[in-house]
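S.K.: After the structure tokens below, expect a handful of questions from me.
So this is what it looks like as structure tokens:
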């Protein structure tokens, strides 16, 4: 459970994994007070049922708001099957960003098919360093092609919307992006 820094591993079918984990588990024992508190929380069936219902409702609401936003802004995505992540297709914004950030001697790209994982990585660094926006580039999750990103939609909607708006504004800006001056690139 986040906040308590406690978790569980349930793997009754993988004996080798459980043996490996048990060797290192002594280094991550929880305090007896935390164990006692979590036992009481997990034993409260009414609380657990209410908590699961609340989380499920909030997660569905966040998913619906996020996918509606993506549809309104013509951003393709892969529908989520479970969890709190979405794969979004940002090939078009990546193409715009790339063409606005060409290195000397580089030719303008005319198609998203010309994008590379290096382009995706460069945009990711730029969005973090200058745009102050964090998305997870698909290259970090072994995406099969450049231009995919993973976003967490289980965030307060007002904050997520600000992040998505900033991402679109930053990557699709018609202004050339000049490098941020830092001590390391002076």
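Residue numbers (my numbering): 79 to 264. Glycine included, every Cβ here is placed at the ideal spot set by N, Cα and C.
1) Just the C-alpha distance for residue 173 and residue 132, rounded to the nearest angstrom, thanks.
2) Can you check which of these residues, 161, 165, 147, is closest to residue 155 by C-alpha distance?
3) Let me check understanding here. Comparing Cα to Cα, which of 176, 105, 139 lies closest to residue 199?
4) If I'm right that residue 216 touches residue 232 with Cβ under 8 Å, what's the distance once you round it to whole angstroms?
5) If distances are taken between C-alpha atoms only, which option among 141, 146, 94 comes closest to residue 160?
6) In terms of residue numbering, what span does the beta strand (DSSP E) encompassing residue 164 cover?
7) In the structure shown, what three-state DSSP assignment does residue 87 receive?
8) Name, in chain order, the residues that DSSP records as bridge partners for residue 214.
9) Report buried or exposed for residue 243, applying the criterion of at least 16 other Cβ atoms within 10 angstroms of its Cβ.
10) How would you write the range of the alpha helix (DSSP H) that residue 110 sits in, first residue to last?
11) Determine which residues share a DSSP beta bridge with residue 155 and list them.
12) Can you look up residue 147 in the DSSP assignment and give me helix, strand or coil?
13) Which word fits residue 314, buried or exposed, when buried means at least 16 other C-beta atoms lie within 10 angstroms of its C-beta?
14) Closest to residue 158 by CA distance: which of 96, 137, 85 is it?
15) Looking only at its own chain, which residues have a Cβ that is under 7 Å from the Cβ of residue 235, when we skip the five neighbours before and after it?
16) Would you call residue 205 buried or exposed, if buried means 16 or more other Cβ atoms sit within 10 Å of its Cβ?
M.R.: On the basis of the supplied data:
1) Roughly 40 Å between the two C-alpha positions.
2) With distances taken between Cα atoms, residue 155 lies closest to 165.
3) Residue nearest to residue 199 within the set 176, 105, 139 is 176 (criterion: CA-CA distance).
4) Contact flag wrong, Cβ pair sits at about 19 Å.
5) Residue 160 has its Cα closest to that of 141, out of 141, 146, 94.
6) Per DSSP, residue 164 belongs to the beta strand (DSSP E) from 163-167.
7) In the three-state reduction of the DSSP assignment, residue 87 falls in the coil class, being assigned neither a helical nor a strand state.
8) In DSSP, residue 214 forms a bridge with 228.
9) With a 10 Å radius around the Cβ and a threshold of 16 neighbouring Cβ atoms, residue 243 comes out exposed.
10) Unbroken alpha helix (DSSP H) run through residue 110: 110-121.
11) Bridge pairing for residue 155: 166 [DSSP].
12) DSSP places residue 147 in helix when its eight states are reduced to three.
13) Nothing in the structure corresponds to residue 314, since the chain is present only between 79 and 264.
14) Cα-wise, what sits closest to residue 158 is 137.
15) Within the same chain, residue 235 has close Cβ partners 140, 143.
16) Only buried fits residue 205, as 16 or more other CB atoms lie within 10 angstroms of its CB.
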